[in-house]
Structure formats: structure tokens, C-alpha cells
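Residue numbers (the numbering used here), protein chains in the order written: chain A, 1 to 162; chain B, 1001 to 1109; chain C, 2001 to 2448.
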Amino acid sequence: MNFSKSFRNTFLVILLSLIVSACATKKTTTKVEGQMQGDVYTGTDTVKYLADGVPDRVFFATNESILTTKSRDTLRKQANWLRENSSINVVVEGHADERGTREYNLALGERRANAAKDYLITYGISADRISVISYGKERPVDSGSNPLSWSKNRRSVTVKAN
Amino acid sequence: MDYSKLTLSEEDALKAQIFTCWSVPIGLPFSEDLLVRVKLQLKPDGSIENLEMLDHVKMNTPGKEKFRTLADSVRRAIQLCNPLKVPTSGYERWKNMILNFDARDMLGG
Amino acid sequence: MIRIINLFFIISFLFSAKAYSLIEIDITRGNLDPLPIAVSPLFQDDNSKRNSINELKIENVGSEISLVVENNLKISGLFNPLSKEAFLQKPDIAHLKPRFEDWALIKAQALITGKVTIEDKKLKVEFRLWDILAGREMMALAFTTVPSNWRRVGHIISDKVYERLTGEKGYFDTRIIYVSEEGPKTARVKKLAIMDQDGFNTKYLTLGNELVLTPRFNPTSQMVTYLSYFKNLPRVYLLDIETGTQEVVGDFPGMTFAPRFSPDGKKIIMSFAKDGNSDIYTMDLENRIVERITNHPSIDTSPSYSPDNRFITFNSDRSGFQQIYVMKSDGSNVKRISFGKGLYGTPVWSPRGDLIAFTKLHKGKFYIGVMRTDGSGERLLTENYYQEAPSWSPNGRVLIFYRETKSNDKGEGFSAKLWSIDLTGYNERQVQTETDASDPSWSSLLSN
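Below you can see the structure in the form of C-alpha cells.
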């Protein structure tokens, strides 16, 4: 029993390390460009700032609305800034890339915008101050048809509403 | 020789001719009763002496427009193939024949 | 049961036929070549020609109508309209009594003739369809309308001829509503536009001040439902094409989108997104009652009713990825029907009821395809870099959709165009539009 259990664990560890190394190689190849991690955009080309050091947008993987570590970091900065500027309200715009059907992308953009909104709320920002809008794939920032362009377009952007 | 039959190659040759003449109305639903039967009376040179639609009553029955469309296409096919290239011998065997036009295989695929 | 009886009759018939030693040959194959047809210009006398110029600024509206017919029949892929230069008989004489030998000589199997008069601001048209090989008239019809309707006259003639020769209803006297697109990809200006099925008579229904998407016809009236970002609030709207009146559908505290009418025209079905979750709702247009149909934390969108209003197909990512589902129209009995490789979206139920058309994304390619309503018999009709959103012709024979081209790294070379393809996967062709275009929706037949 014990043996088989520990064996299974070892097996699991080996499997995991295989997956990790597979990911690692993938990352290093894309990191050569220095702009994507997995297929999430990590560059700064399109980023604007709500205030000094407060980026206005976070990026998502294909078909995902999960916030990356970097996105959470950005959103915490936004939350701090919103706390310091309590008279400012924001709109969080959710966007998708062009590689999906229009209606599904509208829903996906809404899901992304809400992922960002929810994170701001958990950092103490009142829901009343944040509205969301999804543009689906209707408002790309980069008009190219390649993986890097698409990664810049899969985003949620926090915009001052007043 | 069985006088009631065509040889396989004779039958195939006739079929092949009619296949090329018959423009199947492909809008017809394959699920309906769409069999059109025609009785032909041929002259020795293969030209058509007489053409009889065996279900001709259906042609003008209300609600049977689809049958009529198919029957029309069959009539055109036979006119277009007239005269038929018939076997060189055995006129008595093929003087009269019935053709069963069945579009289901074409439309169902 | 009926089937068995039929079979029995056929068998007994075969046996009795054998007894008379009559040869029977089964013809189970034919050709699918387009039918050669001659469309003779509709005859118009000199007096009518003068009136035609006065009324329409067109010298020979009879020959213009015949061009509309010819073009429709050609585009259908089922007919091969013969060149008019080969015609031996003049239109007026042909219309009275065609010399069938002459038409058979140029290999025509059918002939359309007709006569047009314009008098007292009325357009009178009569036309006949002739079976050349049988040497007889197959159909004769006459109608009267206002002269400005002359293109519609051409479409109606096309529909009648199509129905008589193919055995199914036509789709020519119809319109397409779509989104007209202009400008760079990052700041696209979109307007609602409507045109005849053959690309003529384009009219713009909005000015382009706000983003508009996904217009869809009511199958029973001249109403359209669509998504508008008016005042930056994405909501489903209702538009009466005749009067131009618009109204928001329902009072939802968030984005409503992906609207479509029920086949009886009495309800709108759509998605409502709130707090990151999209579900499907209906609103009854008479009593304004809103019903929630799905309740699931996944994205449920792109709903479409079956023609009998009893079922709804939609796409959902509840399995983890976008797939197609079917449920009863009250939301019960949800079943996934797409199981092939890839993602599936935009399901639309065919007007015949037996098929669902969809968009599929697999390995970086987009496909338009059809499957039976239980998900079996998947057939992919066309593959491309990007295409989606099929809409059925009212007879369920043709699909119209939009296709986008790939941009280069500078974002150049992008275009969006409408395309159509037959259910068979043949006869793929671009549908001409004045501007770039997307999100097409096909109307029902305007006349019957």
C-alpha cells in the first residue's frame, strides 16, 4: 500500500516536473521577444497610465478571464490610486481578440471586465464607483493579425468616468 | 437467351445514356414518395413512339407539386435522350420498357 | 406503416410486370448540372417604352427585368441562363408561340417569355414558362404593381420559375440586413444597412454615430432586432424598418446582446450579461414579460429557436469550451450536441427544422458547417482564415455569412465581406455590398 502510494507520488512529481519544464521551454522561446508569457501580453507598448506608476490595463490568455500575478499587481495599484482619489469613478472596459465569434466575445469581454472589477472591490473599492462595459472584439488597440497583436487586444482597461 | 431480359451490358448502356440526360431537381426532399414510372414504346431505331406516365393522375393532384416537378424532369430527360441508343438486336425484347426514376439516392446524400 | 405499404405495392407491381415480360430499368442517378434556360427579354411596345423613360428613366424595363431574373437564376447555381445573342426568336413572337425547335437548337430546356406595359403609372407584367423539350407551357402568370417595383417583379418571376423547376420555394424576393463597415480596424464605423438579396437598393438605417451589431429580421414582419451601443449602453433594440421607430427591448441592468426573434415573431430571445455571467432570456413583445431560460455560471449565448418554437439551440462554455447545446424552449433538458474537435459557436436552426448551421474554430481555421439537430452528421461546408455567423435563406437551401481577411503586421489588408454557400457545399460566392460588411441576416419571402 505504502509503497504504491509513494510510487504514485513520485510518478506525479516526475509528471509535474515534465509539465513545468515544458512550460519553461515555451516561456523562454516566447520571452525572446520579451512581450508575451504563455500567450499573455507582458509588454508595455499599448499601456497608458491612470497616474504615475498606475497602468490602466491588464491582459488575458486566450479564452480566459483569470487574472495573472502581474494583472493582480496592476489592479492593486489601481485600487490604491482609487482609494487616494475617492471622487473618481471608473469604467472597466473588457475586450477580446478577433479570433472568436462576435457574440461569445461580447460575453467574454464582460467576464474579463468583471474579473478586474471584482478584484478592485476585494481591495476595498466600492462597487458603486466601478461600471463595466464589454466591447468584445469591436475595439482592438492593435490591428495586426498575429499572436502578439491578439495578446494586446485581450485586455481590460480601467478608464476614468468623470 | 432469356427474351424477357436485357443483358447487363445492354442495361448499363441504356442507364448511362439516361443518367446524362436527367437533370435531377435537387430541391426536392428525399424523404417523400418520389418515384416516377414511365412506360416507353420504342421504334426499332430507338426513337420514342409513345411515352406514358404511369402515375399521371398524381401530376395534377393538388399537393403533389413536387411529384409534378420530378415528373417534368423525367419527361425532359427522355426527350433529351431521344432517340435512345438501343441494342442492335432483339427489338421484341426492348420494344416496350418501364423506367423507374428514383431520385432518393441523389437527394439523400 | 405507410412506407411498408408503398413498398409492397412496388414489389407486387414489379412481379406483375415481370409476368408480361416487360423490361424494367431503375434510374437512380442523374446529373446535377445547372439546367440550361433561356430568359427572353420581356417584350415592351413603343408606347410603353416612352412611359418607361418618363416613369423610371429606363428605356427598356422589360429587358432590365429579364436581366434581374437571369442573374438570380445564375447565382442560385441550379440554372445556366443561355446567352441572349444566340436567341433566334424575337421576344414578342416567342411570348405568343415559341418555335420550340429554335430554342432546342441552342440547347435550352426551359424558356421564360413575357410582356411589360406601363400605363397610368401602373406596371403590368405577364410571363410564361415553357418546357422546350415537351413543347408546352408550364406556367403563365400576370400581375400589376407600381413601376418603381420593377426589380421586385424580376425577383417574383425568379421565385415562381425556381419553384416550378426545382420543387422548392425560391428565395429571391427577399432582403438582407447587415452591418456596413468602414474605417480602420481600431476605429471601425458601423451602420445598419439593408439591401435586396442580389445587392441592389442598399439603404442605410443608422448614421454610424454608435456601434451597432448583429441585426436580425423578424420572420413575420418588417421588424429588426439588433445590438446598439447608444449612449455607451449596449442594449438590444427593436427597429421598424418601415417607420424607422426604435425602442430598447426590456429594462435590464446590464448588457443585453445576441438577439433573435422566435419563428412566430412574438418573442425576442437574447443574452443578458451581469457580473461576468451571460444567460439566456426571452421577452414577449406583446405583454413585455421577461423570462429567464438558462441559469448557469458559464457563458450562454447565441440562442436560436427551432421553427416550431419548441426548442432552442445556443452556445455555452459550461464544458470548459464553447460548444453547441439544444434545450426545450422552457430551458429544461439541456443537451450538448457538438462533440467534434474544436470550438463551436453561432448555432442557427434551419427553417426546414432538420439542421443546425454553425461556426467552428479548429487549429486556427474557421469553418461554416451544418449538423443534424441531435449533433450527428456534421458537415463542414467551407474553411477560411476567419468567417462566422451563418444565416439561412428562407427556403433553407443557402447560407449567408461574413468573412474577414488577415491583416499584415501593420494592420493593413483587412476586409470584411458577405459570402453565400449552398447547403451542399457548392456554389460559394461573394455577395456584393457597397462597403465592407458583416453580420448578415436573411429576411423571409416578402411575397408568396
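Think of the CB as a built atom: it goes at the ideal place given N, C-alpha and C, for glycine as much as any other residue. A quick note: this is a predicted structure, and the numbers were derived from the prediction, not measured.
Check                                                                                                                                                           : Outcome
Measure the alpha-carbon distance for K2386 of chain C versus N89 of chain A and round it to whole angstroms.                                                   : Here residue 2386 of chain C is Tyr; the residue named in the question, Lys, does not match the sequence. Roughly 38 Å between the two C-alpha positions.
Taking 7 Å as the cut-off, decide whether the C-beta atoms of Y2305 of chain C and S2338 of chain C are in contact.                                             : no
What three-state label does DSSP hand Y2171 of chain C in the structure shown?                                                                                  : coil
Please name the residue or residues paired with R1068 of chain B in a DSSP beta bridge.                                                                         : The partner list for R1068 of chain B (beta bridge, DSSP) is empty, contrary to what the question assumes.
Going by DSSP, what residues sit across from E2404 of chain C in a beta bridge?                                                                                 : C:Y2386 and C:A2416
Measuring only between beta-carbons, confirm whether S143 of chain A sits less than 7 Å from chain C.                                                           : yes
Is K26 of chain A close to chain C, meaning its C-beta is less than 7 Å from at least one C-beta of that chain?                                                 : For K26 of chain A, the predicted structure reports a pLDDT of 43, less than 50, and the residue's modelled location is therefore unreliable. A value from the coordinates is still provided. Not one chain C Cβ lies under 7 Å of K26 of chain A.
Using a Cβ-Cβ cutoff of 8 Å, what residues of the segment 2365-2384 of chain C are near chain A? List them in chain order.                                      : none
Measuring only the C-alpha atoms, how far is M2195 of chain C from S2180 of chain C?                                                                            : 11 Å
Any contact of the segment 2071-2081 of chain C with the segment 2031-2041 of chain C, i.e. 3+ C-beta pairs under 8 Å?                                          : yes
Quick one: does E2181 of chain C have its CB under 7 Å from some CB of chain A?                                                                                 : no
Select from the segment 2209-2243 of chain C all residues with a C-beta closer than 9 Å to any C-beta belonging to chain A, and list them in chain order.       : L2211, L2213, T2214, L2227, Y2229, N2232, L2233 and P2234
Counting only Cβ pairs nearer than 7 Å, list the residues of chain C close to T1020 of chain B.                                                                 : N2031
Quick check on G945 of chain B: does DSSP put it in helix, strand or coil?                                                                                      : Because chain B spans 1001 through 1109 in this model, residue 945 of chain B falls outside it and cannot be assessed.
Comparing alpha-carbon positions, which option in C:R2136, C:T2166 and C:K2121 lies nearest R2128 of chain C?                                                   : C:R2136
So, with DSSP's three-state summary, where would you put Y2281 of chain C?                                                                                      : strand
Which of the three DSSP states is assigned to N153 of chain A in this structure?                                                                                : helix
Give the DSSP-derived three-state secondary structure of A2437 of chain C in the structure shown.                                                               : strand
Would you mind telling me which residues of chain A sit closer than 7 Å to M2195 of chain C, beta carbon to beta carbon, in chain order?                        : Result: empty, since nearest Cβ-Cβ is about 20 Å, beyond 7 Å.
Going by the CB atoms, is the gap between T2214 of chain C and D2436 of chain C shorter than 7 Å?                                                               : no
Can you name the residues of chain C whose CB is closer than 7 Å to the CB of L82 of chain A?                                                                   : Under the 7 Å cutoff, chain C gives no residues; its nearest Cβ is about 19 Å from L82 of chain A.
Could you say which of C:N2047, C:D2422 and C:P2041 lies nearest to I2065 of chain C if we only look at CA atoms?                                               : C:P2041
Taking buried to mean at least 16 other C-beta atoms within 10 Å of its own C-beta, is R202 of chain A buried or exposed?                                       : With chain A covering only 1 through 162, there is no way to say anything about residue 202 of chain A.
What number of angstroms, rounded off, separates the C-alpha of Q78 of chain A from the C-alpha of G2276 of chain C?                                            : 20 Å
Given 6 Å as the limit, tell me if S2438 of chain C has its C-beta closer than that to any heavy atom belonging to the ligand ADP.                              : Among the components modelled here there is no ligand, and therefore nothing to report on the ligand ADP.
In whole angstroms, what separates the C-alpha of A2108 of chain C from that of F2100 of chain C?                                                               : 9 Å
Out of C:S2407, C:F2366, C:N2333 and C:L2380, point me to the one whose CA is closest to L2355 of chain C's CA.                                                 : C:L2380
Name, going along the chain, the residues of the segment 2392-2418 of chain C whose beta-carbon falls closer than 8 Å to a beta-carbon of chain B.              : N2395 and R2397
Quick one: residues in its chain with C-beta nearer than 7 Å to the C-beta of S2298 of chain C, no 5 flanking neighbours on either side, listed in chain order? : S2316, D2317 and R2318
Do you know how far the Cα of T2301 of chain C is from the Cα of S2332 of chain C?                                                                              : 16 Å
Can you tell me where the alpha helix (DSSP H) with T69 of chain A in it begins and where it stops?                                                             : T69 to E84
Taking Cβ positions only, does I2299 of chain C come closer than 7 Å to chain A?                                                                                : yes
So is L1042 of chain B in contact with chain C if we call contact Cβ pairs under 7 Å?                                                                           : no
Can you tell me which of the three DSSP states V90 of chain A falls into?                                                                                       : strand
For S131 of chain A, write down the residues that DSSP places opposite it in a beta bridge.                                                                     : A:V91
Near D2159 of chain C, what residues of its chain come up, given a Cβ to Cβ distance below 6 Å and the 5 sequence neighbours on each side ignored?              : G2170, F2172 and D2173
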